[in-house]
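The number in our numbering is simply the position in the sequence shown, starting from 1, with 582 added.
Don't be surprised by glycine CBs; every beta carbon is placed ideally from N, CA and C.
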Amino acid sequence: MNTVRLDVGEGAGVAVVTLDRPGRLNAVDLAMVRELSDLWRELRFDDSVRAVVLTGSGERAFCTGIDRDAVVPQPSSPYMQDDPLLGIGPKANGLWKPVIAAVCGMACGGAFYLLGESEFVVADPTAVFFDPHTTYGMVSAYESVLMAERMPFGEAARMMLMGTAERMSARRAHEIGLVSEIAEEGRAVEAAVRCAQVVAGYPPQAVQGTVRALWAAKEAARAQAFAQAPHLITLGSLPAGRQAELFAARRREFRVR
């Protein structure tokens, strides 16, 4: 069963990539990791696609990070850590065509690997953003780095440290620049496609060169920060069994700001 859906509009130059596990709130399992990586690489060779919209299936969530049922064996060394989500984004797979994210409902945790590699974000009014890692005894490393690039440091720090106690509303995300536009309810994908069609109408070499230049501005700092992540995660995170206990005992109350 496919976990990612690709729709290419006739003649518009725009592809819509949809995370398609609505029953699991579009959480990323290992099959989706492989499908996303393959899809981004395939789009590198499809000259009919000049811009991409990335979204999630259903109204409840854009993506809720890695599926908790996914089993990812880890080496024992604190200096080595395998994170399958590092390979799910377009930039990680060498795609330099513009990607616009359309977010409806929850975007949390591992969703930031995808938002962090999108050019900009269009949100439904129902969109909320949060990172649950610290609540469950996990270090938020890669997610923190990616979001610290996209919003003021204090906002990123608050999101990462407050865990499941708070969710950032689409309104607040727009105020701080994480979201570039709040669409009418139910029309985030439509609004993102509208932007993508404009960009797809420009000469692709100029567009892709601009995308590459924008990301070059951030690469060195991100690479240095990512280098710290494996041992920080290994040293600072609780054992998997204890994480599961905290997750099972989680409280449902949260504040939206």
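DSSP, read as helix, strand or coil, puts Met742 in helix. Here the C-alpha atom of Gly676 lies approximately 13 Å from the C-alpha atom of Ser700. Each of Gly759, Glu731, Ser658 was checked against the Cα of Ala803, and the nearest Cα belongs to Glu731. For Arg732, no pairing in a beta bridge is given by DSSP.
Relative to Pro812, the option among Leu828, Ala684, Val721 whose CA is nearest is Val721. At a Cβ-Cβ threshold of 8 Å, Asp649 and Ala683 do not count as neighbours.
Taking the C-beta atoms as reference points, Met741 is found nearer than 8 Å to Met750.
Around the CB of Glu617, 16 or more other CB atoms lie within 10 Å, so the residue is classed as buried. Taking the CA atoms as reference points, Val771 sits about 7 Å from Thr637.
The shortest C-alpha to C-alpha distance from Asp664 to any of Ala807, Gln656, Cys645 is the one to Gln656.
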